[in-house]
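J.:
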Amino acid sequence: MERHVFGVSEVNQLVKLLLDGEPMLQNILVRGELSNYKMYPSGHHYFTLKDPEGALRCVMFRGQASRLRFRPENGMKVIAQGRITVFPRDGAYQLYCDALTPEGAGDLAVAFEQLKAKLHAEGLFDPAHKKPLPPYPERIAIVTSSAGAAVHDMIRILRRRYPLAKAVLLPVRVQGAEAPPEIAGAIRYANRWRVGDVIITGRGGGSMEDLWAFNDERVARAIHESELPVISAVGHEPDVTIADFVADARASTPSNAAEIAVPDQEALRRWLDGAASRLERSETARLAALRQRLAALAEKRVLRDQLAYVQDKRMELAHVQRRLGDLSGALVAEKRRRVSVLGAALDAMSPLAVLGRGYAMARGPSGEILRSWRDVRTGEQVSVSLGEGGFLCTVEEPWEKEKQAWPRKK
Numbered sequence: 019m020e021r022h023v024f025g026v027s028e029v030n031q032l033v034k035l036l037l038d039g040e041p042m043l044q045n046i047l048v049r050g051e052l053s054n055y056k057m058y059p060s061g062h063h064y065f066t067l068k069d070p071e072g073a074l075r076c077v078m079f080r081g082q083a084s085r086l087r088f089r090p091e092n093g094m095k096v097i098a099q100g101r102i103t104v105f106p107r108d109g110a111y112q113l114y115c116d117a118l119t120p121e122g123a124g125d126l127a128v129a130f131e132q133l134k135a136k137l138h139a140e141g142l143f144d145p146a147h148k149k150p151l152p153p154y155p156e157r158i159a160i161v162t163s164s165a166g167a168a169v170h171d172m173i174r175i176l177r178r179r180y181p182l183a184k185a186v187l188l189p190v191r192v193q194g195a196e197a198p199p200e201i202a203g204a205i206r207y208a209n210r211w212r213v214g215d216v217i218i219t220g221r222g223g224g225s226m227e228d229l230w231a232f233n234d235e236r237v238a239r240a241i242h243e244s245e246l247p248v249i250s251a252v253g254h255e256p257d258v259t260i261a262d263f264v265a266d267a268r269a270s271t272p273s274n275a276a277e278i279a280v281p282d283q284e285a286l287r288r289w290l291d292g293a294a295s296r297l298e299r300s301e302t303a304r305l306a307a308l309r310q311r312l313a314a315l316a317e318k319r320v321l322r323d324q325l326a327y328v329q330d331k332r333m334e335l336a337h338v339q340r341r342l343g344d345l346s347g348a349l350v351a352e353k354r355r356r357v358s359v360l361g362a363a364l365d366a367m368s369p370l371a372v373l374g375r376g377y378a379m380a381r382g383p384s385g386e387i388l389r390s391w392r393d394v395r396t397g398e399q400v401s402v403s404l405g406e407g408g409f410l411c412t413v414e415e416p417w418e419k420e421k422q423a424w425p426r427k428k
């Protein structure tokens, strides 16, 4: 009997039928470490699961990959769920993965920590980016579900605490795949049209899956880009979301967000009453001081006798005039004394005064003053000036001072 010879594709198809017919392999859970993880532009993910003794090739198609809550990374320990079969073209079996869960922690917890680390590294949580809340807002934009109890609690508290503010509801879904783009879009809409002075976004409590819309990166970036201050009010006080880290203020509950957004009218009234009392006391004290000043001014002589001021100034003017007269007289006397002294000094130095005391001044033929016997020659005419008048004479004999002697008369 001749044996059947199989073709390669027939063998691959036979193995595929055998694997597909094994129920245990159709919904199997496999634990391993991610290796060689690649995401292709088509949206398909290819990777290898390995442990110390072996490796298993895996593929996750775009539809299943789009439901991943976290970002798979090489070296991460996971549990993969899917079916094992053969791709006939290659003849290699692999795991067709339908779901992927981090081992030891839920996929939501891992996704939360991954996104938190990413946004923190980008600076979205930096306190420097936090905007102050307006102290007296006129309008409050509320981005939440219109069907939840949270919005009614917020509106009730806003009306009770600060009825001057108007609440504007921007209804969105807060749960499900459609919630994140709606929340982000409402925040951008409120900024574009300036719907309010401050934005409150959030919802009531629930599981981590229920609150997941506020852990979405699109919502986080919309809050960070908002020019209006944003208050995050998600769940109860123990609940923490990515929106809480990015928002300008975090409220423990939606009701607490309404309390944070507006002042308390009762506290404002008490403050205004106190301010009014302080103002009244201040004005009373100021008026009392003004009355005292007015009374003091009323006692002033200038107000009781209007001409008293003129009379005082006239007396001051007369006193100044006398002072000026005395000073000018003293100044003239001093000037006269100095003129007399200077005149006497000039007179003492005058050549005429010297001549008047019996001295004479001789001048040569050219009018030059003679100071030495060498300045004249025998026979020259010399003019002699006396205290009164003078005379001309002829030089008969010049002599030196040491040989001075009066010539004898012949």
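Here my numbering = 1-based position in the sequence shown + 18. Even glycine gets a Cβ: it sits at the ideal position worked out from N, Cα and C.
Should Lys428 go down as buried or exposed, given a rule of 16 or more other Cβ atoms within 10 Å for buried?
T.: Here residue 428 is taken as the residue at index 410 of the sequence shown, counted from 1. Interpretation of Lys428 is limited by its pLDDT of 47, a score under 50 that renders its predicted location unreliable; no figure is taken from the coordinates.
J.: Can you give the beta carbon distance from Val104 to Leu47, rounded, assuming they're within the 8 Å contact cut?
T.: Numbered from its first residue, the sequence shown carries residue 104 at position 86. Numbered from its first residue, the sequence shown carries residue 47 at position 29. About 20 Å separates the two Cβ atoms, so there is no contact after all.
J.: From the DSSP output, read off the bridge partner residues of Arg75.
T.: Here residue 75 refers to the residue found at position 57 when the sequence shown is read from its first residue. As computed with DSSP, Arg75 is found in a beta bridge with Thr66.
J.: Since Ile46 sits in a beta bridge, which residues does DSSP pair it with?
T.: Translated into the one-based positions of the sequence shown, residue 46 becomes position 28. Among the bridge pairs identified by DSSP, Ile46 is matched with Gly100.
J.: Once you ignore the five residues that flank Trp391 on each side, which residues in its own chain have a CB closer than 8 Å to its CB?
T.: Numbered from 1 along the sequence shown, position 373 holds the residue referred to as residue 391. Result list for Trp391: Pro416, Trp417, Glu418, Lys419, in chain order.
J.: So the alpha helix (DSSP H) Tyr377 belongs to, where does it begin and stop?
T.: Taking the sequence shown and counting its residues from 1, one reaches residue 377 at position 359. From DSSP, Tyr377 is part of no alpha helix (DSSP H); its letter is neither H nor E.
J.: Compute the distance between the beta-carbons of Ala378 and Val402, then report whether it is under 8 Å.
T.: Your numbering for residue 378 matches position 360 in the sequence shown. Your numbering for residue 402 matches position 384 in the sequence shown. Cβ atoms of Ala378 and Val402: closer than 8 Å.
J.: Since Pro120 sits in a beta bridge, which residues does DSSP pair it with?
T.: Position 102 of the sequence shown holds residue 120. Val96, per the DSSP bridge assignment.
J.: With burial defined as no fewer than 16 other Cβ atoms inside 10 Å of the residue's Cβ, what is the status of Leu297: buried or exposed?
T.: For the purposes of this step, residue 297 is identified with residue 279 of the sequence shown, where counting begins at 1. Label assigned to Leu297: exposed.
J.: Can you tell me the Cα-Cα spacing of Val161 and Glu277, whole angstroms?
T.: Your numbering for residue 161 matches position 143 in the sequence shown. Your numbering for residue 277 matches position 259 in the sequence shown. Going from the Cα of Val161 to the Cα of Glu277 covers about 16 Å.
J.: Less than 8 Å between the beta carbons of Gln99 and Cys115, yes or no?
T.: The residue labelled residue 99 in the question sits at position 81 within the sequence shown. The residue labelled residue 115 in the question sits at position 97 within the sequence shown. Closer than 8 Å, so yes.
J.: Whose CA, out of Asp266, Leu364, Gly347, lies closest to the CA of Pro150?
T.: Against the sequence shown, residue 150 aligns to sequence position 132. It is Asp266.
J.: Helix, strand or coil, according to DSSP, for Gly141 in the structure here?
T.: As a first step, residue 141 must be located in the sequence shown, where it is residue number 123. Reduced to three states, the DSSP call for Gly141 is coil.
J.: Starting from the N-terminal side, write out each stretch of the alpha helix (DSSP H) that is 4 residues or longer and does not extend beyond the stretch 168-247.
T.: 197-210, 235-243
J.: Please check the pair Ala275 and Ile241, which I expect to be a contact at CB under 8 Å, by giving their CB distance rounded to whole angstroms.
T.: As a position in the sequence shown, residue 275 is number 257, starting the count at 1. As a position in the sequence shown, residue 241 is number 223, starting the count at 1. Between the beta-carbon of Ala275 and that of Ile241 there is about 14 Å, and that puts the pair past the 8 Å contact cut.
J.: On the three-pair Cβ rule with 8 Å, is the stretch 254-266 touching the stretch 173-188?
T.: no
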